[in-house]
Structure formats: structure tokens, C-alpha cells
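All remarks here apply to the structure that follows.
Residue numbers (this note's numbering): 1 to 515.
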């Protein structure tokens, strides 16, 4: 009979089995899918991470690593890699229309250039199987010639080997088995993107529907030796430029383009183009002011409430403290959207309770006030909690000694309690500032960055911070065409947060040394 040394062995063993079983099952499921999609880097990372986790958790030597390695692997996957990739994209022209490499872009460009041949380019067809069981398309040309075609080309069939009904549709062909409607519907997907060379120069057939094909002719041709694209109808030559596009002699650009590295061009656009520089300056100023005001207001309000509820004569402390942390327990998305409804100019309850109508979300200054108000409501419970802990950790001997020396309650607060609390909470205040510096949800869900700065052409709003401005460039105002530019702004945001956090922690360390 199997025996265990203590009661904790069996549960821990089962937990390890379930954990590693889940990790390995996920790897076995995801790696083949990633490889089939040519995502070799992701497949390698998932496989390597699985091996590392198996080695760490199946070994008795790496006790500390069992707590560190899972978090470290997730940190690399969801923090470090996205930061590195964003930095890479910032130095490219990656955007809609410039998403692929050059070869893929050329294939798409040529495929999209096919146009119908003449006004009547639709021909009847039937899908059939040849003697080897291979699916082919039987096409009836206008002159009555019947072709059997596949991706390699077409073969003319003897007229006597094919029969037709009264409407001229193919009913049988010697050596071929015609598929009925049900069979055709099952195999039609494999013919949707099939290009069947017709035997004529730059001309092909493409399946149009269940019973017809369309004859198409390419209007573009790529010359690999000369690295140019030629318009076969006009003869115009398109040559590649340094932005990953083929540009014609007339200045016309052919889409799609391809991704290329553009160096510091995106950063030059940010700081050198008035369309981006002017709104960016206003956004950047608000980005610094916004988290500073939030931290300042929430800290002092939270500290005031913590001091008030820490008074020895106050009896129902637990009830008051519980009520104060309710906003902190609510999902932020839900609370912000609730506030958005409450601040609605026409139907919001806030304006119904006030004598006048305040344009909370449409006026630039009132919108900023609304953002700060909601942040104050959502952030004060957190500051209240940490301030309560810091106050209760203060040495009562220091406070009592000051009171014995004749210090007033005001002096005790400003000269003893506040400095000690600030020093104790400095790392958390820094973290709160960094969090609000890039708090996308609070801006996007409440105001969407608006109201719009008219001079910006719609790419920036009065309550936008850098992260929401980045979102606008990438997905809203830029219509998905400015991923590279948005990544450059995001890279600047990352550098600013990293520098501010490093500098703040450095100064907080100096304050600790002073104390």
C-alpha cells in the first residue's frame, strides 16, 4: 500500500500533476498551431517555457525557482516582449497597407490587379473528377471549346467527348465524373482562390459561383530583374521607394506596400510635423498634470479620512472603514461607466440635482474636472487603506513626546506625522503616479479623450493622455494607418514612465537615508 510521510504530500503532488498536465497539454495543443501559422518564435517560446517549468517543478533542488520562474516567464511574454516589439515597430512603417514582407505584398498586388476580360467574361462550368480522383473544373468557352482546368493550366477536350443539355450546360464528359450540387458545395472552397491559367498571356479563370467561372486578365506585371511593376494597360512603370511602396511615374502609389525600417522618421514626424507636434505638447502637459493631481488629491483626502477614523473616541470604526473601501472593491470599468451616465448633460442624475446644466463631458475644463472627480472617487479608498496602515505603524512615543513639549495638533501633523507617513508611502505614491500616467481605461471609458482639440484635426482631445493619444493614432483618427507613429509615441511614454520611476525611487532612497 502506498504511504505518504505527511498529509501535505498527496495534495501537493496532485496539484503539481494538474499544473504540469495543464501546461504540457496547452503546449501540445498550441505549438503545432503556431508552427502551421509560421509563428516559429512563439512556438519556440511556448515549448522552451514548458521544458523549463517541467525541469523546475520535477526537480527537488529548485525550491525558490518554483516561485520565481512562472512569474518571470509571464513577465517576458506579456511585458518585456511587447515593450521590445513596440520599440521595433516605432522604427518601421508598419501600418494597414504595409503589414507584410515584400514578396507577400507583391503576390497580393498582382492578384488584386486581375480585371474581367471584356463585358461578357462569365463562362459556364462544372466541377468534376478525373480518372485519378482529382477535382478539376470543366469550362465552356464562348466558341464552344471545352477545357479541363486546374492550378497548372487547361487542357482542351475533344468535342465528341462532351455532351450538353438543351440550355448548353455540360451534362457529361468522357473520362470525368461530374459532381452534383451537394458534392460541389463540399469541394467549392478549394476553388474559391484558385487561379486557372487560360493559356493566353496574363489571363486566367477564377471560379465565380456554383456554375460559372470568370475570365480575368492581369493589369500589372512584376519584373524581378529590374525590380519594377508595369501597368500592362498603360505601360506606366512603378518603382519601389524607401517607404515600402511602388510609386509610378505619375506619382500614383500601388497598394499594398510592405514593411521597411524607416529609422527615426516616425519621431521626426512627432516633433517636426505641426499636425502632431502642437497637440502632442498639450497632451504631454496634461499627461504630467493629470497623475500629479490625482495622487495629490487622493493622498490628502485618504490621509484625512485615515486620521479621522483613527481617532480613539470614534466607536463604529469598522463600519465607516468598510463603507469607504466600497469604491475600491467595485470593478473600475463598471464604476467609470456608471459615472459617465451620471455625468450625462441631459439625463445624468448629477445635473438633475444641480440648479444649472454643466457640460461635464463636452467642455474642455469641465471634462478635465470630471476625469479628476471620478479618479478621486476611485482612488481615495486605496490611499485611505495605505495611510491607515502607515498611521497605525507610527511610534506613539514620538507623538507623545511632541505633545509633552507643547506642540499643537497642527504642528504634530505637519512636522511629525505627515513627513513620516510620506516617507513610508513614497514607493506606493510613485507606483500610483506611474499607474495613472498610463491609465488608459479611466480616460477612454469616461471621455474617450474628448472633447476634441479642433486644431489637431481630430487626432487629440483635451483630456487625452499619452496612452489614449497613442490609441487614437493607431485605431481611431489614423484609421489604422499609423501603427509606427503610435508605437513611437508609446515608446516615448515608456521611456518617460521608466525615467520618472527610476528618479523617484532614487530620491526616496535618499530620503530614507536622511531619516
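Ideal Cβ positions, reconstructed from N, Cα and C, are used throughout, including at glycine.
Everything numeric in this text was worked out from a predicted model, so none of it was measured.
**Prompt:** On the premise that residue 218 lies in contact with residue 113, defined as a C-beta separation below 8 Å, what is that separation, rounded to the nearest angstrom?
**Reply:** To locate residue 113, count along the chain shown from 1; it is residue 113. To locate residue 218, count along the chain shown from 1; it is residue 218. Sure, about 5 Å apart at Cβ, within 8 Å.
Original post:
Is residue 461 helix, strand or coil by DSSP?
Top reply: For the purposes of this step, residue 461 is identified with residue 461 of the chain shown, where counting begins at 1. In the structure shown, the three-state DSSP call for residue 461 is strand.
Beta-carbon proximity of residue 464 to residue 441, cut-off 8 Å:
Taking the first residue of the chain shown as 1, we reach residue 464 at position 464. Taking the first residue of the chain shown as 1, we reach residue 441 at position 441. No, the pair does not count as a contact, with Cβ atoms beyond the cut-off.
Around the C-beta of residue 520, are 16 or more other C-beta atoms found within 10 angstroms, so that it is buried, or is it exposed?
With the chain represented from 1 up to 515, any question about residue 520 goes unanswered, as that position is not in the structure.
Which of helix, strand or coil DSSP assigns to residue 121 = Position 121 of the chain shown holds residue 121. It is coil, neither helix nor strand.
**Prompt:** Sorted by chain position, which residues of the same chain lie with C-beta nearer than 7 Å to residue 306's C-beta, five sequence neighbours on each side aside?
**Reply:** Translated into the one-based positions of the chain shown, residue 306 becomes position 306. Once the five neighbours on either side are set aside, the close Cβ partners of residue 306 are 384, 387, 388, 391.
Using only CA atoms, which one of 177, 374, 475, 185 lies nearest to residue 334? Along the chain shown, one-based indexing puts residue 334 at 334. Residue 374 is the option with its Cα nearest to residue 334.
Practice problem: Can you have a look at residue 185 and say buried or exposed, based on whether 16 or more other CB atoms are within 10 angstroms of its CB? | Solution: Within the chain shown, numbered from 1, the residue matching residue 185 stands at position 185. It counts as exposed.
Check your understanding: If you follow the beta strand (DSSP E) that residue 230 is part of, which residue opens it and which one closes it?
Key -> As a first step, residue 230 is located in the chain shown; it is residue number 230 there, counting from the start. Looking at the DSSP string, the run of the beta strand (DSSP E) that includes residue 230 is 228–231.
Outcome for residue 433 when other beta-carbon atoms lying within 10 angstroms are tallied against a minimum of 16: Counting from one through the chain shown, the residue named residue 433 turns up at place 433. Classification of residue 433: buried, given that the 10 Å Cβ count is 16 or more.
request  = Pull up the distance between the alpha-carbon of residue 143 and that of residue 164, whole angstroms please.
outcome  = One-based indexing of the chain shown puts residue 143 at position 143. One-based indexing of the chain shown puts residue 164 at position 164. In this structure, the straight-line span from the alpha carbon of residue 143 to that of residue 164 is close to 14 Å.
**Report entry** Alpha-carbon spacing of residue 132 relative to residue 242, whole angstroms
**Finding:** Taking the chain shown and counting its residues from 1, one reaches residue 132 at position 132. Taking the chain shown and counting its residues from 1, one reaches residue 242 at position 242. Rounded to the nearest angstrom, the two C-alpha atoms are 50 Å apart.
- [ ] Going by DSSP, name the residue or residues bridged to residue 437.
- [x] Working through the chain shown from its first residue, we reach residue 437 at position 437. Paired residues: none, contrary to the question.
message = Checking 8 Å against the spacing of the C-beta atoms, do residue 16 and residue 57 come in under that value?
response = Residue mapping note: residue 16 aligns to position 16 of the chain shown, counting from 1. Residue mapping note: residue 57 aligns to position 57 of the chain shown, counting from 1. Their beta carbons are under 8 Å apart, which means residue 16 touches residue 57 by this criterion.
With 16 other CB atoms within 10 Å as the buried threshold, where does residue 225 fall? Your numbering for residue 225 matches position 225 in the chain shown. Looking at its Cβ environment, which holds fewer than 16 other Cβ atoms inside 10 Å, residue 225 is exposed.
Inset, instruction - Quick one: residues in its chain with C-beta nearer than 6 Å to the C-beta of residue 232, no 5 flanking neighbours on either side, listed in chain order? - result: As a first step, residue 232 must be located in the chain shown, where it is residue number 232. 219, 221.
Original post:
Can you give the beta carbon distance from residue 466 to residue 287, rounded, assuming they're within the 8 Å contact cut?
Top reply: Numbered from 1 along the chain shown, position 466 holds the residue referred to as residue 466. Numbered from 1 along the chain shown, position 287 holds the residue referred to as residue 287. Confirmed, about 5 Å.
* Closest by CA to residue 454, which one among 236, 260, 363? -> Start at 1 with the first residue of the chain shown, and residue 454 comes out as number 454. For residue 454, the nearest C-alpha among the options comes from 363.
Going by the beta-carbon positions, is the gap between residue 173 and residue 138 smaller than 8 Å? Translated into positions along the chain shown, residue 173 becomes position 173. Translated into positions along the chain shown, residue 138 becomes position 138. In this structure, residue 138 lies closer than 8 Å to residue 173 by Cβ.
- Query: Span of the beta strand (DSSP E) holding residue 170?
  - Reply: On the chain shown, residue 170 is found 170 positions in, with the first residue counted as 1. First-last of the beta strand (DSSP E) with residue 170: 170–173.
**Study point:** Every unbroken alpha helix (DSSP H) within the stretch 167–214, with a cutoff of 4 residues, ordered by chain
**Key:** The stretch 167–214 contains these whole alpha helix (DSSP H) runs: 181–187.
### Query
Cβ of residue 406 less than 8 Å from any chain B Cβ?
Protein chain content of the structure displayed is limited to a single chain, and chain B is not contained in it.
Drop a sphere of 10 angstroms on the beta-carbon of residue 421, count the other beta-carbons inside from all chains shown, and report buried for 16 or more, exposed for fewer.
For the purposes of this step, residue 421 is identified with residue 421 of the chain shown, where counting begins at 1. Answer is buried; the Cβ neighbour count reaches 16.
**Item:** residue 3, DSSP secondary structure in three states
**Value:** As a working note, residue 3 is residue 3 in the chain shown. At residue 3, the pLDDT of 47 sits below 50, so the modelled position is not reliable and the matter cannot be decided from this model.
| query | To which residues does DSSP link residue 268 through a beta bridge? | reply | The residue you call residue 268 lines up with position 268 of the chain shown. None, per the DSSP bridge assignment.
Using 10 angstroms around the beta-carbon of residue 151, count the other beta-carbons present and answer buried if the total reaches 16, otherwise exposed.
To locate residue 151, count along the chain shown from 1; it is residue 151. Answer is exposed; the Cβ neighbour count stays below 16.
Practice item. Could you check if residue 50 is buried or exposed, using at least 16 other CB atoms within 10 Å of its CB as the buried criterion? Key: Start at 1 with the first residue of the chain shown, and residue 50 comes out as number 50. With 16 or more Cβ atoms within 10 Å of its Cβ, residue 50 is classed as buried.
Residue 262, DSSP secondary structure in three states
One-based indexing of the chain shown puts residue 262 at position 262. Correct three-state label for residue 262: coil.
Strand pairing of residue 162, partner residues [DSSP]
Looking up residue 162 in the chain shown gives position 162. In the DSSP output, where bridge partners are listed per residue, residue 162 has 173.
Inset, instruction - Answer yes if the stretch 187–206 comes into contact with the stretch 121–128, meaning at least three C-beta pairs across the two stretches below 8 Å, and no otherwise. - result: yes
Notebook entry, point to check: Comparing alpha-carbon positions, which option in 291, 236, 270 lies nearest residue 281?
Noted result: If you number the chain shown from 1, residue 281 lands on position 281. The option with the nearest alpha carbon to residue 281 is 270.
Decide if residue 311 is buried, meaning its Cβ has at least 16 other Cβ atoms within 10 Å, or exposed. Translated into the one-based positions of the chain shown, residue 311 becomes position 311. Looking at its Cβ environment, which holds fewer than 16 other Cβ atoms inside 10 Å, residue 311 is exposed.
Are at least three pairs of beta-carbons, each pair with one atom in the stretch 482–496 and one in the stretch 88–104, less than 8 Å apart? yes
- Message: Give me the residue from 361, 327, 497, 160 with the minimum Cα distance to residue 343.
- Response: Here residue 343 corresponds to residue number 343 of the chain shown, with the count starting at 1. Among 361, 327, 497, 160, the Cα nearest to that of residue 343 is on 361.
Name the DSSP beta bridge partners of residue 96, please? Locating residue 96 in the chain shown gives position 96, counting from the first residue. Beta-bridge pairing links residue 96 to no other residue.
Pair within 8 Å by beta-carbon distance, residue 416 and residue 501: Here the question's residue 416 lines up with position 416 in the chain shown. Here the question's residue 501 lines up with position 501 in the chain shown. No, the pair does not count as a contact, with Cβ atoms beyond the cut-off.
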